[in-house]
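For the sequence shown, position 164 matches number 197 in the numbering used here, and the numbering has no gaps at all.
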Amino acid sequence: MDNMGATLFVAGTVVLSVFLLFSIVKIVPQGYEFTVERFGRYTKTLKPGLHPIAPFVDRVGRRMNVMEQVLEIPSQDVITRDNVMVTTDAIAFIQIMDPAAAAYEVSNLQRAIANLSMTNIRTVIGSLDLDETLSKRDDINERLLRVIDAATQPWGVKVTRVEIKDLEPPADITEAMARQMKAERLKRAEILTAEGDRQSAILRAEGAKQSAILESEGRKEAAFRDAEARERAAQAEAKATAMVSEAIARGDVQAINYFVAQNYVKAFEKLAMSPQQKTVIVPTEMTALVSTISGIGALTQAAARDSAKQSGSVPST
Numbered sequence: 034m035d036n037m038g039a040t041l042f043v044a045g046t047v048v049l050s051v052f053l054l055f056s057i058v059k060i061v062p063q064g065y066e067f068t069v070e071r072f073g074r075y076t077k078t079l080k081p082g083l084h085p086i087a088p089f090v091d092r093v094g095r096r097m098n099v100m101e102q103v104l105e106i107p108s109q110d111v112i113t114r115d116n117v118m119v120t121t122d123a124i125a126f127i128q129i130m131d132p133a134a135a136a137y138e139v140s141n142l143q144r145a146i147a148n149l150s151m152t153n154i155r156t157v158i159g160s161l162d163l164d165e166t167l168s169k170r171d172d173i174n175e176r177l178l179r180v181i182d183a184a185t186q187p188w189g190v191k192v193t194r195v196e197i198k199d200l201e202p203p204a205d206i207t208e209a210m211a212r213q214m215k216a217e218r219l220k221r222a223e224i225l226t227a228e229g230d231r232q233s234a235i236l237r238a239e240g241a242k243q244s245a246i247l248e249s250e251g252r253k254e255a256a257f258r259d260a261e262a263r264e265r266a267a268q269a270e271a272k273a274t275a276m277v278s279e280a281i282a283r284g285d286v287q288a289i290n291y292f293v294a295q296n297y298v299k300a301f302e303k304l305a306m307s308p309q310q311k312t313v314i315v316p317t318e319m320t321a322l323v324s325t326i327s328g329i330g331a332l333t334q335a336a337a338r339d340s341a342k343q344s345g346s347v348p349s350t
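1. Residues in its own chain within less than 8 Å of A133 by CB, not counting five upstream and five downstream?
2. From the DSSP output, read off the bridge partner residues of A125.
3. Would you kindly report the start and end of the unbroken beta strand (DSSP E) that includes D91?
4. Ignoring anything shorter than 3 residues or poking outside the region 50-85, list the beta strand (DSSP E) runs there in chain order.
5. Buried or exposed: which applies to I197, given that a residue is buried once 16 or more other Cβ atoms fall within 10 Å of its Cβ?
6. Give the DSSP-derived three-state secondary structure of L200 in the structure shown.
7. Roughly how many whole angstroms lie between the Cα atoms of S108 and A125?
8. Grouping DSSP H, G and I as helix and E and B as strand, with all else coil, what is D171?
9. Report buried or exposed for R176, applying the criterion of at least 16 other Cβ atoms within 10 angstroms of its Cβ.
10. Please report the residue range of the alpha helix (DSSP H) in which Q143 lies.
11. Can you give me the C-alpha to C-alpha distance between G64 and T193, rounded to a whole angstrom?
12. Hey, M100 and P202: beta-carbon distance below 9 Å or not?
13. Under a three-way DSSP split, which group does V117 fall into?
14. Could you give the C-beta distance for D162 and D115, rounded to a whole number, given that I count them as a contact under 8 Å?
15. Identify the continuous alpha helix (DSSP H) that holds A133 and give its terminal residues.
16. Measure the Cβ-Cβ separation of V103 and H84 and say whether it is below 9 Å.
17. Using a threshold of 8 Å, is the CB atom of V192 nearer than that to any non-hydrogen atom of the ligand FAD?
18. Helix, strand or coil, according to DSSP, for D182 in the structure here?
19. When you compare the CB positions of V111 and I146, do they come within less than 9 Å of one another, or not?
20. With distances taken Cα to Cα, identify the nearest neighbour of I86 among E70, N141, T121.
21. Would you tell me roughly how many angstroms separate the C-alpha atoms of A271 and A241, rounded to the nearest one?
22. Can you pull the DSSP bridge partners for V111?
Here it is in structure tokens:
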């Protein structure tokens, strides 16, 4: 019996020692901070590591996670400024900076932050139109972060980010937006097509203008050359007429035959080219025409002899 009593005493002593050890020494893991309460009143905060406390007097009050945490903001229906109801949810990234304030300044910290975030989401989105709500998420996130962070500072919490996860308009609004987007794209396509047609018409007009300018320049050049040719022909005709006139003045019968033959040929040419003329009658007596041609040859030879004499009379240097 004495041995059993001694064994029980030793076991009780060991249990009591272990209990006292755990009551005196507290181990705080990394990423956490513990608050210490003495008779229910906060006294200090234990950082990560090994810490002794007074047994039976002090106790660990709250075990606070000081790592950055992700807080899910529940989904809710929000009415925009133009009376469109959208369904939205969000997430918030928070970090406890003052464990004592987070433990004793607010009850149920995460629920308080979630409700605060939902209220501010309704306020911010309610001040915007639907188009602004869908296109200005960055502005909404920035406003929510600024407001919620300022509101949670007395609780010892730092809100690092607030992000809108989803914005879902009603089905009929979504369908109307799809139709509007399609119409806008069709409008842009028509504008681009019209602009392309306009540029094409301008280019065609420019091409026609340049073509007309070049054609006009061509006609001008052709007219200039035709006039020059007619001028040369007139000069040659005038020279020939002068030669014939000189021959007539000298009493040369061949010159007279030249004029007669020239008029004879012209008249015969008009007769042959007449559109009403079906049959051309050639005179059987061609001696006059032959003699006229002979006269032209003789006249030409005479003009050549005169030219040779004139050139031979020029004194040589």
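Ideal Cβ placement from N, Cα and C applies to all residues, glycine included.
Here's the rundown:
1. Excluding residues within five positions, the ones whose Cβ falls inside 8 Å are T68, Y75, T78, G189.
2. L104, V195, per the DSSP bridge assignment.
3. Residues 91-98.
4. Counting only runs of 3 or more, we get 58-61, 65-71, 74-79, 82-85.
5. Buried is the call here.
6. Secondary structure at L200: strand, using DSSP grouped into helix, strand and coil.
7. Those two C-alpha atoms are separated by around 13 Å.
8. Of the three classes helix, strand and coil, the one that applies to D171 here is helix, per DSSP.
9. Its Cβ being crowded by 16 or more others within 10 Å, R176 is buried.
10. Boundaries of the alpha helix (DSSP H) around Q143: 142-159.
11. Answer to the nearest angstrom: the Cα atoms are 17 Å apart.
12. No; because the gap between Cβ atoms is not below 9 Å, this pair is not in contact.
13. Judged by DSSP in its simplified three-state form, V117 adopts coil rather than helix or strand.
14. The C-beta separation of D162 from D115 comes to about 5 Å, placing the pair in contact by the 8 Å criterion.
15. Unbroken alpha helix (DSSP H) run through A133: 132-137.
16. Their beta carbons are not under 9 Å apart, which means V103 does not touch H84 by this criterion.
17. In terms of ligand content, the structure shown is empty, and the ligand FAD therefore cannot be addressed.
18. Annotated three-state conformation of D182 is helix, per DSSP.
19. Between V111 and I146, the C-beta spacing is not below 9 Å.
20. Per the Cα distances, E70.
21. Using only the alpha carbons, I get a separation of about 44 Å.
22. Looking at the DSSP output, V111 bridges to V119.
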